[in-house]
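Position one of the sequence shown corresponds to residue 0 (numbering that gives the first Met the number 0), numbered consecutively onward.
Note that CB positions come from ideal geometry on N, CA and C, so glycine has one too.
As the structure is a computational prediction, the values presented were derived from the model and not from experiment.
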Amino acid sequence: MRRLSVLLMLAFTLAACGLLSARDPEPPLADAGTFAQPDTPEQVIANLQAAVSELNTLNYRRSLADDLTFAPTATALDREPIWTGWGRTEEEQYFGTLAADARQTTGNRLELNDRTFSILADDRYLLDATYVLTVNHRRTDVPKTVQGRLQWIITRGGDGLWRLREWTDQELGANPSWSDLKAAFLQ
Numbered sequence: 000m001r002r003l004s005v006l007l008m009l010a011f012t013l014a015a016c017g018l019l020s021a022r023d024p025e026p027p028l029a030d031a032g033t034f035a036q037p038d039t040p041e042q043v044i045a046n047l048q049a050a051v052s053e054l055n056t057l058n059y060r061r062s063l064a065d066d067l068t069f070a071p072t073a074t075a076l077d078r079e080p081i082w083t084g085w086g087r088t089e090e091e092q093y094f095g096t097l098a099a100d101a102r103q104t105t106g107n108r109l110e111l112n113d114r115t116f117s118i119l120a121d122d123r124y125l126l127d128a129t130y131v132l133t134v135n136h137r138r139t140d141v142p143k144t145v146q147g148r149l150q151w152i153i154t155r156g157g158d159g160l161w162r163l164r165e166w167t168d169q170e171l172g173a174n175p176s177w178s179d180l181k182a183a184f185l186q
């Protein structure tokens, strides 16, 4: 009997302090942005486009493989010494600097046109497309719109999720390219 009364008193105490009561859910993270689990190569592309338009560095990073490699345009390679060993770290630094400079702007977007999607293996896909990238940053010495042709090799990792692993940038005519934008915002 004594044990029962102690248990009842403990239950009433817990109920009174609200420990067992339902609580309101926490609001979602404000900066979470648009990101869907990359179960398909197409979802990686959509996540990268959303990360660019939202200037979301976390979601941009989440779309990149740990062993990302980048090959710049021929012109950028000749002009800049920064490309040797360009990988995920440099990609994150460039995009973080760009996003900080363009913070609170609108109209940022990545358009991918003339898409060709090829299956290279069960866990390896190739996207070949022309791009127009617009980022409304505040620097006056760097173009806000760049264009070119890209090749993205998107691979499935051991966790079953897809990420961008290899990136080749090609110029279209004399237009500034994504490589030019990366070089400007890495320095």
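Rounded to whole angstroms, the separation of the alpha carbons of A173 and D179 is 12 Å.
By the CB criterion at 8 Å, W166 and F69 fall inside the cutoff. T154 and D122 do touch by the CB rule: their CB atoms are close to 6 Å apart, below 8 Å. Straight through space, the alpha carbons of L111 and T39 are spaced by roughly 17 Å. In this model, L67 and T144 are separated by some 24 Å (Cα to Cα).
In this structure W177 touches L132 by the C-beta definition: roughly 6 Å separates them, less than 8 Å. Taking a contact as a CB-CB distance under 8 Å, the pair R108 and S62 does not count as one, their CB atoms being some 16 Å apart. In this structure G147 is buried. Its beta-carbon is surrounded by 16 or more other beta-carbon atoms within 10 angstroms. In this structure, the straight-line span from the alpha carbon of P37 to that of L57 is close to 14 Å.
Here A45 is not near G32, since their CB atoms are 8 Å or more apart. Here S52 carries a helix assignment [DSSP, helix/strand/coil].
Under the three-state reduction of DSSP, G147 is assigned to strand. Annotated three-state conformation of R155 is strand, per DSSP. The Cβ atoms of A182 and A35 do not sit closer than 8 Å to each other. Considered as a whole, the segment 51-122 harbours 56-61, 73-78 and 87-100 as its complete alpha helix (DSSP H) runs of no fewer than 4 residues, in chain order.
Distance from R102 to L54 at the Cβ level is roughly 7 Å; contact confirmed, criterion being Cβ atoms closer than 8 Å. By DSSP's assignment, D168 forms a beta bridge with L149. In this structure, Q92 keeps its C-beta atom at 8 Å or more from the C-beta atom of L160.
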